[in-house]
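Numbering (our numbering), first residue to last: 640 to 878.
Listed below in structure tokens is the structure:
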């Protein structure tokens, strides 16, 4: 995959591409990767220890569809409303009001195949992880129960509009995005159209996507705890 970006002379550039790459014979297209996953039918849980972690980390991960699916775009907007910045729902609820977390964020990781929406919270010392999990679950349930407000949608749309030109300021990032969009989505023009599709997401779209994908039986919950002194001690040699 060759992607070129910047202030280029089209004819001169194409002549050089043909000169240096035109003699390379085309190879058979590789077999498409298998991107289908079986539907999740039950919540999964895991508990880990982190030798360097200062806080209990609670992570809730929902499996969502590929990035080109309209539901995935709706959930990308929902992730911003839930956990992007200090004005987000989760930050206000857990950090400001309940004071049960020191930090919380929500990230939609859109891919060519099955993707994820992740909520990550760092539990405040002395607080119960179960209370943090309950509060997060309640905030996610609100997305299914009630439409998000026009104000919240407006803030996210403003953020999308600000991010679009800044993402094109770096020529290397532009070239990488062009290559990724061509290789992963077979759509090099996606770089020009994806922001408009995100801006078109409505409150009804978010509510529908949340009901479909943000279910407890469609998630993995991982709690990572700081390692105790005892667990960090090397095992004593046996005689």
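All C-beta atoms, glycine included, are put in the ideal place defined by N, C-alpha and C.
In this text, all values refer to a predicted model and were calculated from it rather than measured experimentally.
Whose C-alpha, out of the options, is nearest the C-alpha of residue i?
{"i": "residue 683", "options": "866, 867, 846, 860", "result": "860"}
{"i": "residue 843", "options": "856, 789, 740, 667", "result": "789"}
{"i": "residue 856", "options": "702, 695, 669, 658", "result": "702"}
{"i": "residue 775", "options": "721, 666, 685, 786", "result": "721"}
{"i": "residue 646", "options": "826, 817, 821, 810", "result": "810"}
Just to confirm, are residue i and residue j a CB contact at a threshold of 7 Å?
{"i": "residue 795", "j": "residue 713", "result": "no"}
{"i": "residue 797", "j": "residue 747", "result": "no"}
{"i": "residue 705", "j": "residue 662", "result": "no"}
{"i": "residue 783", "j": "residue 849", "result": "yes"}
Distance check for residue j and residue i, CA to CA, integer angstroms please.
{"i": "residue 698", "j": "residue 730", "result": "15 Å"}
{"i": "residue 678", "j": "residue 700", "result": "14 Å"}
{"i": "residue 858", "j": "residue 846", "result": "18 Å"}
{"i": "residue 687", "j": "residue 763", "result": "18 Å"}
{"i": "residue 723", "j": "residue 755", "result": "16 Å"}
{"i": "residue 874", "j": "residue 759", "result": "Its pLDDT being 48, under 50, residue 874 is placed unreliably by the model, and the measurement read from it follows with that caveat. Between residue 874 and residue 759, the C-alpha separation is close to 32 Å."}
{"i": "residue 829", "j": "residue 709", "result": "14 Å"}
{"i": "residue 766", "j": "residue 772", "result": "11 Å"}
{"i": "residue 757", "j": "residue 657", "result": "44 Å"}
{"i": "residue 834", "j": "residue 824", "result": "15 Å"}
{"i": "residue 872", "j": "residue 815", "result": "At residue 872 the pLDDT is 49, less than 50, meaning the model places this residue with poor confidence; the figure from the coordinates comes in the next sentence. Cα to Cα, the separation comes out at about 45 Å."}
{"i": "residue 793", "j": "residue 787", "result": "10 Å"}
{"i": "residue 743", "j": "residue 780", "result": "17 Å"}
{"i": "residue 642", "j": "residue 817", "result": "6 Å"}
Just grab the DSSP bridge partners of residue i for me.
{"i": "residue 697", "result": "760, 862"}
{"i": "residue 688", "result": "864"}
{"i": "residue 683", "result": "859"}
{"i": "residue 597", "result": "Only positions 640 to 878 of the chain appear in this structure, which leaves residue 597 out of reach."}
Is the Cβ of residue i closer than 7 Å to any Cβ of chain D?
{"i": "residue 705", "result": "The structure shown has no chain D; it contains just one protein chain."}
Inset, instruction - Jot down the residue ranges of each uninterrupted alpha helix (DSSP H) in the region 706-778, minimum 4 residues, whole runs only, in chain order. - result: Under the rule that a run must span 4 or more residues, the alpha helix (DSSP H) segments found entirely inside the region 706-778 read 709-722.
Inset, instruction - At 4 residues or longer, and completely inside the region 831-860: list those alpha helix (DSSP H) runs for me, N to C. - result: Qualifying alpha helix (DSSP H) stretches, in chain order: 842-852.
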